[in-house]
Amino acid sequence: MKNYIILFTAILISHLAIGQNPDSSAYRIDIDFKNIENDKVKIDVYPPAKLGDTLVYNMPKIVPGTYSISNFGRFVDGFKAFGKDSSELKFNRLDTNRWQIADGRDLHFITYNVNDTYDEPGGGGIFEPGGTNIDSAKNVVFNPFGFVGYFDNGKNRKFNLNITKPENFYGETSMERVNSTADMDVFTARDYFQLHDSPILYAEPDTASMNVVGTRIAVAVYAPNKSISAEDILETIEDIFPAAASYLGGSLPVSQYSVLVYLTAGAGGSGGYGALEHNTSTVFVLPEAPISALSQTFKDVTAHEFFHIVTPLNIHSEEIHDYDFMNPQMSAHLWMYEGCTEY
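Note that the numbering used here has the sequence shown beginning at 968, numbered continuously upward.
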C-alpha cells in the first residue's frame, strides 16, 4: 500500500510541476494541435500574477485591418476556470466575448475549446485571411486572436506559447521562436498586440526563404492538391523586396517578413479572397491554381500588404496606436492608409 501511495504522490507532484507558470509576470498559453477533436483545439491559459481580485477574460470583438465585427468569443466553448487547489471556480459570461471570474486571486488557469471560423455553419462572413482554420493532420491557420484572448489589465503583459503539434507539422511565422522539438514549438510575444499580429501557418513543410539586406523573407504554402509550391511563389515575388528596400532608403523595416499562403479547393464562407496585413507578415487565402494564374495577384497583393508596414502599421492615428480590441474607436484615415500604400 505504501508503494502505491508513494507512486500516486510522485505522479501528482509531477503533474502540478508541469502545470506551473515559470514566469509569473507573463501568460503561459498551452495549445494542442496534436489532439484535435471535432475540429476543435484545446487552449489552457495561465494568467500572469497580480491582475486583480476580479478577472475578466476577453476574446477580441474586432481586430486591426478589418472594419467589421468578428466576435471571436462565439467560437469558444467548454470554458472552465480552476483554482490553485484544482477546484473548479464559478464564472459569469458577461457577453459573447467576455468571461468574469470573481475569485481572481485564486485562479490557476482557464481552459476552453476553440472552433475554427472557416467551418462556421452558414458562413459567418469572417474574411478568411483574418479567420482561423483547423483541419486535423492537414493544417492550422493560426491567427492568434481567434484562439487566445487576454485579461483586463493584462493586455500589455508578455505571452509565452507552448504549442504541441504533430511531428509532420512545421509552423512558419515571424513570431519569436524560443525553442522547437519534433512535437512542440515555444514562442513568445512582448504583449497582446504583438501576439495578435503574428500569425502562424502550420502544415507539412512547404517553405522557401531568401535574405534581402539583412531581412529574412519567408514563404510558406498549404495547397491541398500541391499544384503550387513555396518556391514558385518566392520566385514570383522576390523582386519586390529589393525594390522596396531601395525605395525605403536601402533597408527594410523588419528583420523577418513571412508570406503565409493558404490555398482552397473551393469557395470560402465569406465569399471573398485576398490577404490581411501585419507588421511582419501577411496571410493570403486564395483558390488553388497554377502559379501562372496567380502570379500577378501575388505580386500586386504582396507589394500592397508589405507597404502597409508604413501606413497604418507605423504611421497612424492614436486610435490604432493603442488598439481597443473590444470597443475600438475607428479613425477616419482609411483614405490615407490605403491611398499611401497604393501610391
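The beta-carbon is built from N, C-alpha and C at its ideal position, and this holds for glycine as well.
Measuring alpha carbon to alpha carbon, tell me which residue in the options is nearest residue i.
| i | options | result |
| --- | --- | --- |
| H1163 | T1021, L1243 and S1218 | L1243 |
| K1001 | A1104, Q1161 and K1122 | A1104 |
| T1140 | D1119, R1124, S1176 and E1134 | S1176 |
| H1245 | I1167, P1257, D1152 and G1181 | I1167 |
| K1028 | F1112, A993 and K1009 | F1112 |
| D1102 | I1184, G1121 and V1081 | V1081 |
| N1129 | Y1224, S991, D999 and G1040 | D999 |
| D1086 | L1219, A1210 and K1007 | K1007 |
| F1273 | D1152, Q1223, V1252 and Y1034 | Q1223 |
| M1270 | N1059, E1004 and V1250 | One detail in the question is off: residue 1270 reads as Ala in this sequence, not Met. Nearest C-alpha to A1270: V1250. |
| T1148 | R1157, P1133 and D1158 | P1133 |
| N1106 | R1060, T1131, E1171 and G1019 | E1171 |
| S1225 | A1212, M1151, D1152 and A1197 | A1197 |
| P1209 | R1183, V1268 and I1195 | R1183 |
| E1004 | K1051, I1207, D1158 and D1044 | D1044 |
| G1040 | D1158, D1052, R1060 and T1033 | R1060 |
| R1157 | G1241, K1125, V1115 and F1109 | K1125 |
| I1207 | V1108, T1174, D1267 and S1259 | D1267 |
| D1062 | Y1034, F1042, G1121 and Q1263 | F1042 |
| P1257 | S1194, V1221 and G1241 | S1194 |
For residue i, I'd like the list of residues in its chain whose CB is within less than 6 angstroms of its CB, leaving aside the five on either flank, ordered along the chain.
| i | result |
| --- | --- |
| D1011 | D997, F1076 and T1078 |
| T1155 | N1127, E1143 and V1145 |
| L1280 | Summary for L1280: the model assigns pLDDT 48, below 50, so the residue's position carries little reliability; its value from the coordinates is reported in the next sentence. Excluding residues within five positions, the ones whose Cβ falls inside 6 angstroms are N1246. |
| S1373 | What is shown of the chain runs 968 to 1310, which leaves residue 1373 out entirely. |
| G1116 | Y1024, N1025 and M1026 |
| N1110 | T1099 and P1166 |
What does a CB cutoff of less than 8 angstroms around residue i pick up in its chain, not counting 5 residues either side in sequence?
| i | result |
| --- | --- |
| N1192 | A1232 and E1255 |
| L1022 | P1014, Q1067, I1068, G1071, L1074, F1118 and D1119 |
| F1049 | E1055, L1056, L1074, H1075, F1076, I1077 and T1078 |
| D1150 | K1001, T1131, K1132, P1133 and E1134 |
For residue i, I'd like the list of residues in its chain whose CB is within less than 7 angstroms of its CB, leaving aside the five on either flank, ordered along the chain.
| i | result |
| --- | --- |
| F1160 | Y1290 |
| F1265 | I1200, T1203 and I1204 |
| V1030 | S1037, G1097, F1112, H1163 and F1292 |
| A1212 | V1179, V1180, S1218 and L1219 |
| K1051 | D1073 and H1075 |
Please classify residue i: does DSSP put it in a helix, a strand, or coil?
| i | result |
| --- | --- |
| F1126 | strand |
| R1041 | helix |
| D1267 | helix |
| T1021 | coil |
| P1027 | coil |
| F1292 | coil |
| H1163 | helix |
| G1098 | coil |
| R1183 | strand |
| E1171 | coil |
| T1140 | strand |
| Y1310 | Model confidence at Y1310 stands at a pLDDT of 47, short of 50, so the residue's coordinates are unreliable; what they give is reported in the following sentence. Y1310: coil per DSSP, three-state reduction. |
| R1157 | coil |
| P1254 | strand |
| I985 | The predicted model places I985 with a pLDDT of 44, which falls under 50 and marks its position as unreliable, so this point remains unresolved. |
| I1195 | coil |
| D1073 | helix |
| E1134 | coil |
| I1200 | helix |
| L1061 | strand |
| G1050 | strand |
| E1272 | helix |
| L1227 | strand |
| Y1240 | coil |
How should residue i be labelled, buried or exposed, when 16 other C-beta atoms within 10 angstroms of its C-beta is the threshold for buried?
| i | result |
| --- | --- |
| D1199 | buried |
| V1180 | exposed |
| N1123 | exposed |
| N1135 | exposed |
| L1261 | buried |
| S1248 | buried |
| N1025 | buried |
| N922 | As shown, the chain starts at 968 and ends at 1310. That puts residue 922 outside it, with no answer to give. |
| N1294 | exposed |
| D1169 | In the sequence under discussion, the amino acid at residue 1169 is Tyr, which differs from the Asp named in the question. Label assigned to Y1169: buried. |
| S1165 | buried |
| D1152 | buried |
| G1032 | buried |
| Y994 | buried |
| G1019 | exposed |
| G1121 | buried |
| G1241 | buried |
| D1173 | buried |
Counting contacts by CB-CB distance shorter than 8 angstroms, is residue i in contact with chain D?
| i | result |
| --- | --- |
| I1258 | Structure shown: chain D not included; a single protein chain is present. |
Is the stretch 1131 to 1149 touching the stretch 1202 to 1213, taking contact as three or more C-beta pairs under 8 angstroms? When C-beta atoms of the stretch 1131 to 1149 are compared with those of the stretch 1202 to 1213, fewer than three pairs fall below 8 angstroms, so the two segments do not count as touching.
Contact the stretch 1213 to 1231 vs the stretch 1180 to 1194: 3+ CB pairs below 8 angstroms: Contact check between the stretch 1213 to 1231 and the stretch 1180 to 1194: three or more CB pairs, one atom from each, fall below 8 angstroms, which counts as touching.
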